[in-house]
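Chains as they are written, first to last, in the numbering used here: chain V, 1 to 670; chain W, 1 to 282. Ideal Cβ positions, reconstructed from N, Cα and C, are used throughout, including at glycine. Owing to the predicted nature of the structure, the values given are computational and were not obtained by experimental measurement.
As structure tokens, this is what we get:
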């Protein structure tokens, strides 16, 4: 009846996951009760859970990313503290638990923290920057989000029911095959990623379509803001790479569930095939994360330098070059499998060529600052921190692309330090830069500067105190994923790194305080104008928060940086553009399709993990039925009457007129 | 007990391969530092000088393109990477782990099998074997042939240089040489399961005559390594103390590689057992 699921699946004898699980469960129950008792449920259901508004979905993605970031960070604290005390001692985490912790840390941070952060910011900003009302397929967008949430839920469920993978964040066979990993851990990993992977692929399709087909009148490709370009590149990579991930994991699933032999030791399986395929997805994945991040930095640095982005066209070229070359470098993840000089040489050189395009970007950002009037707000500080940190991370990356150096450093803590160097310094810093940058647009008030600056400086410092020791430990020969060790030379560095994680915890605390303080003081931080940073692209031309339809009238784009030009014209002529003729707007209706589908996908995933076959049948049938029901809908859209559009837009114009009165014609908008 | 073996890490190599790897690493690092340091400095200087409060800095609100600068912007990274590309190409050929080392001595043959979770070293010509301890003569190249009895591992002695993966059903090769006598830390550099952290060994580099003496001693003591012995050894075990085998059945390594001797069974009752024990409890 319940497949492999028994009462023994709950780790009664393991206090750490049991207590953690109970606490999370209690908090979740309390939160749900609070929502219901306070009567917020109808509001949440109507305005958020069933929303197909790209802005709301974006906010929910970012929220999911932040929650998972905390979960992954707790794993990080456990790993650093374990390695700090496990010198010549067992530490407090036994191997079978420690192995789950690092596997979960990697999986959660990449798939459920970094990805949602980037996709969330894309969701929020790209349609606004393109000057349109929504993405191409709004309901699909909501489905993508909820499928991602399903994956996150399944991974976290493994904390208390059963176990998570003990194989590392990429489950290399044969270790991940049934023979060597008989538990449900790898199955949790596989089904969580299969389900959320579908969501990510749908996002990719949605955004490629949106950017290619739906732009404001006059918004040619070479007038799109840089963030739209990098989002396009990232989503092209998603569309090309995620099917490879799905297929690869499907083969491993066939091995585990139906006794196939794709990657087994026996019967002609070949584990090298898995390692090739997983990195054919895995390396583009790195750029799926970091390209949108590059876009965010481009927006932030240009805005706060009060200058257009330097070398826009070469930025576009560099972005697309990275997009292409990122598919030709996967083998550098296993130079040490003995492919020979020619193969290693070619892939090493291809890898370092990516550094040319990245280098071009760095110089373009430098020259964007050159001749500017730089305001060091929190988003700009994150970008400065990125520039310095990322250059160092890029350097260690090219170093690892040199095969003989990789023969010494592969899989060492030096490698771990390198990819945290680029993912924290590149993606995470961009996440926070983007959140502080677009927060006033999303909610109508700015985030508190002081707490933001504190969070930045502590993160920046904490990062180096954690990861410089990891570089050193790698050079001292320490490999990754050690639960304990006996080499005395590594121990002092492990202690320093553990101290660094305390600093990063303080940074996380400041970040949380920033949200709390800002929400409490939202009246004094209010953004009346909708343009708190003196922005340049179209998202700043509408109100904060934007109305559900984004723009009363779709903007007519006449060049790069359209909003900057509109502002200039307004100041020169001392008047706003004439009031347009308002028309009724049709917007897609909310739909619970995504939520209900994901609900049944969660059930399906859980049933598959535990071999509860009847429940799997129910789940699949129900999830499919929801789609059929959605396809048969009669009414797709609702109308917002012209008077309502006019009323909202006149409010916005009122604020602009006040602003205009304060700006004399001779002064540039500064 | 802390290991007696020192681990100075990859920056204190004790043999020609480690020396050459490190040299390549330093060369690449130096080439990159030549542009990384000025770039970071420029980022800081530009940001500071063009701060909004600095009235002496000239504001150029429309300056967003310069053909000459673009040329430099693309040119500098391109030149550096061409330079590094040369280092990569030459390095990956010169230091290909499969390439024999130049030496007037015939290399010592050692066959390596990674097991869950220990290392088996077979000396086919000497017809002895050891577990979790590798003794090699100094100044003589060692030719390793490596495979795995179960999951993937990576054979790595940081102070001697290059690592190489071990995989079931496949043979990889590696040439190393110890330049100086000493005890060096060796480990697996590829996570292989719960016993991974104890999957390290000591490489003892000794003078050639001491090495012969060790061989002679090893032949006097310890069990014989035949097929039954190998299957017993391949059961999962952790923290295995080093020991030697007085003799090795010929062709044992080939039998592992060709899977004539089956891959390790994995945890007890792994496939058949219907119940699930989370976290390996009890």
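Taking 8 Å as the CB threshold, residue 145(W) stays off the interface with chain V. Within the segment 83-109 of chain V, those residues whose Cβ lies closer than 9 Å to any Cβ of chain W are, in chain order, 86, 87, 88, 94, 95, 96, 97, 98, 99, 100 and 102. DSSP links residue 245(W) through a beta bridge to 129(W). Leaving aside the five residues that flank residue 111(V) on each side, the residues in its chain whose CB is nearer than 7 Å to its CB run, in chain order, 151, 193 and 196. C-alpha of residue 308(V) to C-alpha of residue 495(V): approximately 45 Å in a straight line. Residues of chain V with a Cβ closer than 7 Å to the Cβ of residue 151(W) are, in chain order, 174, 175 and 180. Taking 8 Å as the CB threshold, residue 407(V) lines the interface with chain W.
Distances from the CA of residue 126(W) to each of 119(W), 234(W), 136(W) and 118(W) were compared; the closest alpha carbon is that of 136(W). In this structure residue 33(V) is exposed. Its beta-carbon is surrounded by fewer than 16 other beta-carbon atoms within 10 angstroms. With contacts defined as CB atoms closer than 8 Å, residue 14(W) and residue 180(W) qualify as a contacting pair.
Residue 206(V) has its alpha-carbon roughly 25 Å from the corresponding atom of residue 584(V). Put simply, the CB of residue 39(W) is near chain V, with a gap under 8 Å to one of its CB atoms. For residue 131(W), no CB of chain V lies under 8 Å from its own CB, so it is not counted at the interface with that chain. Scanning chain W for C-beta atoms nearer than 7 Å to the C-beta of residue 353(V) yields 81, reported in chain order.
Scanning the segment 198-224 of chain V for uninterrupted alpha helix (DSSP H) segments of 4 residues or longer gives nothing; none is fully contained. The segment 334-346 of chain V makes no contact with the segment 293-301 of chain V: fewer than 3 CB pairs, one atom from each, lie closer than 8 Å. Cβ atoms of residue 140(W) and residue 177(W) come within 8 Å of each other, at about 7 Å. The shortest CA-to-CA distance from residue 404(V) to any of 8(W), 142(W) and 158(W) is the one to 158(W).
Residue pairing by DSSP places residue 588(V) opposite 637(V) in a beta bridge. When the beta-carbon positions are compared, residue 28(W) and residue 87(W) come within less than 8 Å of each other.
Contact annotation: in the segment 465-491 of chain V, residues whose CB is within less than 9 Å of a CB in chain W are 472, 473, 474, 475, 476, 477, 478, 479, 480, 481, 482, 483, 484, 485, 486, 487, 488, 489 and 490.
Taking the CA atoms as reference points, residue 48(W) sits about 43 Å from residue 482(V). In the three-state reduction of the DSSP assignment, residue 72(V) falls in the helix class.
When DSSP states are grouped into helix, strand and coil, residue 89(V) belongs to the coil group. Using beta-carbon distances, residue 567(V) does not count as an interface residue toward chain W, since no partner is under 8 Å. Pairing residue 294(V) with residue 227(V), the inter-Cα distance amounts to about 8 Å. The segment 130-145 of chain V makes no contact with the segment 169-186 of chain V, as fewer than three CB pairs between them are under 8 Å. When CB distances to chain W are screened at a threshold of 9 Å, the residues of the segment 356-383 of chain V falling below it are 356, 357, 358, 359, 360, 362, 363, 364, 365, 366, 367, 368, 369, 370, 371, 372, 373, 374, 375, 376 and 380, in chain order. When secondary structure is reduced to three states using DSSP, residue 611(V) falls in the coil class, being assigned neither helix nor strand. Linking residue 281(V) to residue 331(V) through their CA atoms gives a straight-line distance of about 11 Å.
Close to residue 93(W), with beta-carbon spacing below 7 Å, are these residues of chain V in chain order: 341 and 345.
Neighbours of residue 410(V) across chain W, judged by C-beta separation under 7 Å: 163 and 189.
If you compare the alpha carbons of 79(V), 4(V) and 374(V) with that of residue 45(W), the shortest gap goes to 374(V). Along the segment 235-266 of chain W, the positions whose C-beta sits under 9 Å from a C-beta of chain V are 238, 259, 262, 263, 264, 265 and 266, read in chain order. Comparing alpha carbon positions, the residue from 356(V), 4(V), 177(V) and 310(V) closest to residue 75(W) is 356(V). What residue 254(V) touches in chain W, judged by beta-carbon distance under 9 Å, is nothing: the nearest beta carbon there is about 15 Å away.
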